[in-house]
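Asker: Read in order, the letters of the sequence shown are residues 950 to 1160 in my numbering. Positions of the beta carbon are idealized from the N, C-alpha and C atoms, including for glycine. My questions all concern the structure below.
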Amino acid sequence: MKLVILGAPGAGKGTQAGLLADRLGIPTISTGNLLRAAMQQGTELGKQVKEAMDAGKLVSDELIIQLVKERLGQEDCKNGYLLDGFPRTLAQAKALSGFAKIDGALSIEVSDSEIEHRMEGRRICSKCQATYHVEDNPPKVEGVCDKCGGQLVIRKDDTHDVVENRLHIYHEETEPVKEYYRQKGLLLAVRGQKKLANTTQLVFDALGISL
950 MKLVILGAPG AGKGTQAGLL ADRLGIPTIS TGNLLRAAMQ QGTELGKQVK EAMDAGKLVS
1010 DELIIQLVKE RLGQEDCKNG YLLDGFPRTL AQAKALSGFA KIDGALSIEV SDSEIEHRME
1070 GRRICSKCQA TYHVEDNPPK VEGVCDKCGG QLVIRKDDTH DVVENRLHIY HEETEPVKEY
1130 YRQKGLLLAV RGQKKLANTT QLVFDALGIS L
């Protein structure tokens, strides 16, 4: 199965992609991981990525598309894969259709207000990186990690202004991608639930996969 997984920051698409990949025995391909790997390996593409990032520029669609194309050509992708974070733009979606045949685009739908609730209430342990939520999954002692006693902190990208900006960019860039797959009859929309297990059940049902 060859799938694209879409969802706003904080919608849980990375978690669902991991669960699906484990169940189906296929790799999850994240653009973030591809970019880091390319830089570490020092390939020609990796050098171009590093040059752009060192200059504080966005990595171009052309570079990202080439990285994904090379990755999909590897042996472990022959039986399928999950694309997480790609395509992010309409240009990327159209380019992908030129070298890969996608079976479906799974979109995890969560309202902006729920995304803001999830991300602005999230707290991360400064020592062990355990994750909590002030309302949905609070620690036993406020501000203190249950596991290691470390201080719980707010990530910089979980502040209100940053969350709002990320959501604005997501809608601006990704709505056309969703429409592109909808017109092709490939879009599968699932309403994200507060409980992880409930969302997972809906995702697997939409794809016709048993848990």
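How is the alpha helix (DSSP H) around K1176 delimited, first residue to last?
Answerer: Only positions 950 to 1160 of the chain appear in the structure, and residue 1176 is not among them; the question remains open.
Asker: Quick test of the definition: if touching needs 3 or more C-beta pairs under 8 Å, does the region 952 to 965 touch the region 1010 to 1025?
Answerer: As far as the Cβ criterion goes, the region 952 to 965 does not touch the region 1010 to 1025, which means the pair count is below three.
Asker: Based on Cα-Cα distance, which residue from S1159, R1140 and L1160 lies nearest to S1060?
Answerer: Per the Cα distances, R1140.
Asker: Compute the Euclidean distance between the alpha carbons of E993 and A987, then round it to the nearest angstrom.
Answerer: Going from the Cα of E993 to the Cα of A987 covers about 8 Å.
Asker: Might you give, ordered along the chain, the residues of its own chain that have their beta carbon closer than 6 Å to the beta carbon of E1065, omitting 5 neighbours on each side?
Answerer: Cβ within range, chain order: V1112.
Asker: Can you round the beta-carbon distance between V1102 and L955 to whole angstroms, since I take them to be within the 8 Å contact cut?
Answerer: So it is not a contact: roughly 29 Å between Cβ atoms.
Asker: Give the secondary structure of Q1132 by DSSP, where H, G and I count as helix, E and B as strand, and everything else as coil.
Answerer: DSSP places Q1132 in helix when its eight states are reduced to three.
Asker: Measure the C-alpha to C-alpha separation of V953 and Q1100 and round it to an integer number of angstroms.
Answerer: Approximately 37 Å between the Cα atoms of the pair.
Asker: In three-state DSSP terms, what is E1084?
Answerer: Note: E1084 maps to coil in three-state DSSP.
Asker: Compare the C-alpha of E1058 against each of G959, L1160, E1011 and S1159 and name the closest.
Answerer: The shortest C-alpha separation from E1058 is found at G959.
Asker: Please work out which residues of its chain come closer than 7 Å, Cβ to Cβ, to L1135, disregarding the five sequence neighbours upstream and downstream, and give them in chain order.
Answerer: Closer than 7 Å at the Cβ level, and outside the excluded window around L1135, lie I1051, G1053 and A1054.
Asker: Note down the Cα distance separating G1098 from D1085, rounded to an integer number of angstroms.
Answerer: The straight-line gap from Cα to Cα measures roughly 20 Å.
Asker: For the 8 Å Cβ check, are there 3 or more pairs between the region 1029 to 1036 and the region 971 to 983?
Answerer: Touching, per the Cβ criterion.
Asker: DSSP three-state label for S979, please.
Answerer: Correct three-state label for S979: strand.
Asker: From H1109 to E1069, what does the alpha carbon distance come to, in whole angstroms?
Answerer: Whole-angstrom Cα-Cα distance: 6 Å.
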